[in-house]
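The block underneath contains the structure these notes are about, expressed in structure tokens.
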Amino acid sequence: MSDPAPPTTGDPGQVASATPPAPGRSRRLSDRRLAVAFISPALLLLLAMSVFPLLWALYLSFTDYSATRGGSATFVWFENYTAILTSPQVHLRALTTLIYVVGAVTLQTVLGFTIAYLISRRTHGRGLLTTLFLVPMMLSQVVVGLFWRFMLDAQFGVINSMLGSLGLGQVEWLTRQRTALISLIVVDTWQWTPFIMLIALAGLTAVPKYLYEAASIDRASEWFRFRTITLPLVWPLLLIAVLFRAIEAFRLFDLVYILTSGGPGVSTETLSFHVYKVAFLGFNTGTASAYGILMVVIVIVLTQLYLRYLNKLKED
1 MSDPAPPTTG DPGQVASATP PAPGRSRRLS DRRLAVAFIS PALLLLLAMS
51 VFPLLWALYL SFTDYSATRG GSATFVWFEN YTAILTSPQV HLRALTTLIY
101 VVGAVTLQTV LGFTIAYLIS RRTHGRGLLT TLFLVPMMLS QVVVGLFWRF
151 MLDAQFGVIN SMLGSLGLGQ VEWLTRQRTA LISLIVVDTW QWTPFIMLIA
201 LAGLTAVPKY LYEAASIDRA SEWFRFRTIT LPLVWPLLLI AVLFRAIEAF
251 RLFDLVYILT SGGPGVSTET LSFHVYKVAF LGFNTGTASA YGILMVVIVI
301 VLTQLYLRYL NKLKED
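Residues 1 to 316 in UniProt numbering are what the sequence shown lists, from first letter to last.
Here it is, written out as structure tokens:
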């Protein structure tokens with residue numbers, strides 16, 4: 001007579017969980033392979049489109065390679081970098097780029113925050129106003145450049161026609177050194193002020209209402225509310241928007257190419273446009289690669305310093 005089966009205790013789910021897994025690949029291994037299968041195409045595309053060109057440019061920056069000259073490239077090591085860093089022409093382009101970045105980003109920040117603050121105080125028509133202000137940002141920079149080139153034309157432009165009707169005379173906006181760089185700053189401000197406005201409006205909307213209610217109970221002035229409540233809470237978010245705009249302005253090319261082509265003379269020739277001339281007009285590929293690597297290093301270093309300042313501001 002066979003022994004009786006031992007009685008089962010506990011939940012039936014526990015008995016089922018004690019069943020050994022089916023032979024074959026483990027679930028963890030299959031999930032890992034599945035993840036690799038999904039990530040690999042994007043990773044390969046990133047390597048092909050970003051990492052490999054950067055490494056190739058780094059290699060070419062140490063050579064005298066030219067796209068129009070046959071034969072193999074010769075290593076010149078740091079000669080390209082030395083020539084760039086000691087060139088007075090490069091210093092002039094860097095100064096032009098700095099003036100443009102500081103002028104454009106400062107003007108965009110002031111106007112964008114002001115417009116966002118005024119829109120946030122409205123109760124009706126806020127969505128319509130925001131949409132209208134966002135229209136310039138939705139346009140391509142080439143389209144914006146062509147649009148403003150016709151408007152700023154010395155003879156047939158709309159701006160000069162308006163000035164002439166007011167008796168102020170005509171201004172050569174794009175063909176004089178004093179006004180060409182200012183015109184670039186104005187056009188870039190017209191297009192990208194909505195970006196700052198949008199970020200600032202998001203920050204202003206997120207400010208808790210009870211802070212303003214408490215300030216109104218204490219009979220605080222409008223300036224006191226703005227200085228102690230609005231600006232401190234929106235300032236970190238506004239600094240992030242400034243960071244993005246500064247990086248974009250630093251590598252400006254489209255508007256310069258369409259509006260002034262770096263002229264008159266070299267008064268509006270930024271670093272990015274100068275790299276274009278060295279690479280595709282002078283065909284000095286090795287030197288142009290050194291320019292590109294230096295610009296990437298400058299952006300990385302300045303961004304890291306800026307982010308450290310933001311982290312310190314957040315801790316304070």
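From the three backbone atoms N, C-alpha and C, an ideal C-beta is built for every residue, glycine too.
Quick caveat: nothing in here was measured; it's all calculated off a predicted structure.
Of the candidates Gly-103, Ser-272 and Ile-84, Gly-103 places its Cα closest to the Cα of Val-187. A direct Cα-Cα distance of roughly 7 Å separates Ile-293 from Leu-58. Straight-line spacing of the CA atoms in Gly-127 and Leu-238 works out to 21 Å. Only exposed fits Leu-45, as fewer than 16 other CB atoms lie within 10 angstroms of its CB.
Spatial neighbours of Val-299 in its own chain (CB-CB distance under 7 Å, excluding positions within 5 residues in sequence) are listed in chain order as Ile-247 and Phe-250.
Taking 8 Å as the cut-off, the beta carbon of Tyr-212 is found closer than this to the beta carbon of Ile-229. Straight-line spacing of the CA atoms in Leu-302 and Leu-54 works out to 19 Å.
Residue environment: Ser-289 is assigned as buried (16 or more neighbouring CB atoms within 10 Å of its CB, all protein chains considered). Ranked by Cα distance from Leu-134, the first of Met-151, Leu-146, His-124 and Ala-116 is Ala-116.
Boundaries for Arg-219: no alpha helix (DSSP H) harbours it, and the DSSP string shows neither H nor E there. Residues of the same chain with a CB within less than 7 Å of the CB of Trp-192, apart from the 5 flanking positions on each side, are Gln-108, Met-137 and Arg-245 in chain order. Cα atoms of Thr-189 and Ala-35: separation of roughly 44 Å, rounded to the nearest angstrom.
In the three-state reduction of the DSSP assignment, Thr-68 falls in the coil class. DSSP, reduced to helix, strand and coil, places Phe-38 within a helical segment of the structure shown. Within the same chain, Ala-154, Asn-160, Leu-163 and Gly-164 come within 7 Å of Gln-170 by CB-CB distance, once the 5 residues on both sides are set aside. Using a 10 angstroms sphere on the CB of Pro-194, the tally of other CB atoms reaches 16 or more, which defines it as buried. Note on geometry: alpha-carbon atoms of Met-49 and Ile-217 lie some 58 Å from one another. Per DSSP, reduced to three states, the secondary structure at Thr-109 is helical.
Only exposed fits Tyr-309, as fewer than 16 other CB atoms lie within 10 angstroms of its CB.
In this structure, Val-76 and Ile-84 do not form a Cβ contact; the two beta carbons are roughly 12 Å apart against a cut-off of 8 Å.
As for any beta strand (DSSP E) of minimum length 3 sitting wholly inside the stretch 91-162, there is none. Thr-63 has Phe-75 as its beta-bridge partners, per DSSP.
Remark: C-beta atoms of Thr-285 and Ala-67 approach each other more closely than 8 Å.
For Met-295, the enclosing alpha helix (DSSP H) stretches over residues 285-315. Of Trp-223, Leu-129 and Leu-233, the smallest CA-CA separation from Val-207 is found for Leu-233. Less than 8 Å divides the Cβ of Leu-252 from the Cβ of Ser-272.
At the C-beta level, Gly-262 and Val-256 come within 8 Å of one another. In this structure, the CA atom of Leu-118 is about 20 Å from the CA atom of Val-105. Val-187 sits in a helix when the DSSP states are folded into three classes. Setting aside the 5 residues that flank it on each side, Tyr-81 is surrounded in the same chain by Ala-290, each with a C-beta closer than 6 Å to its C-beta; the list follows chain order.
Looking from the CA of Thr-205, the closest CA among Gln-304, Thr-123, Ala-215 and Ile-39 belongs to Thr-123. Between Leu-181 and Tyr-100, the gap from beta carbon to beta carbon is short of 8 Å.
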